[in-house]
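Basically the numbering used here = 1-based index in the sequence shown + 662.
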Amino acid sequence: MLDTLHNPSPVALSHHAKTRLIQRGIKFADVEFTLRHGKRIYKQGLIFYIMIDKVASNRGESVKNLVVLATHDGCIVTVYKEKNALKKIKRALKYDLRSLQAS
Numbered sequence: 663m664l665d666t667l668h669n670p671s672p673v674a675l676s677h678h679a680k681t682r683l684i685q686r687g688i689k690f691a692d693v694e695f696t697l698r699h700g701k702r703i704y705k706q707g708l709i710f711y712i713m714i715d716k717v718a719s720n721r722g723e724s725v726k727n728l729v730v731l732a733t734h735d736g737c738i739v740t741v742y743k744e745k746n747a748l749k750k751i752k753r754a755l756k757y758d759l760r761s762l763q764a765s
């Protein structure tokens, strides 16, 4: 199912992600671009797609600092912009959230 994220035609958005896209004025096309070209970090049982400046400069300001948080089965959990996302995510706790959901 992870292939849907690398070829993001049919991407599943959680209700929370849809709400955040609207609230934050983020275009779905920018989310798809980030899924295809962003840096992937596997952490806490999730996948963080981070648009780094080098790639974002080719697309424009709309994708700069964009972070897409997805599950391994292809569902986008949330979308936000964070200036130092790469640094903060790498520093985040290392436990797996999937183990907490099982309890």
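In this text, a Cβ means the ideal position worked out from N, Cα and C, and glycines have one as well. Quick caveat, the model's predicted, so the values are computed rather than measured.
Check, Outcome
"Is the stretch 682-698 in contact with the stretch 717-729, if contact means three or more CB pairs nearer than 8 angstroms?", "yes"
"Measuring alpha carbon to alpha carbon, tell me which residue in His734, Tyr711, Leu728, Lys749 is nearest Asp686.", "According to the sequence as given, residue 686 is Arg; it is not Asp. It is Leu728 whose Cα lies nearest to the Cα of Arg686."
"Less than 9 angstroms separating the beta-carbons of Met713 and Lys705?", "no"
"Pull up the DSSP beta-bridge partners for Ala674, would you.", "Cys737"
"Measure the alpha-carbon distance for His678 versus Arg753 and round it to whole angstroms.", "24 angstroms"
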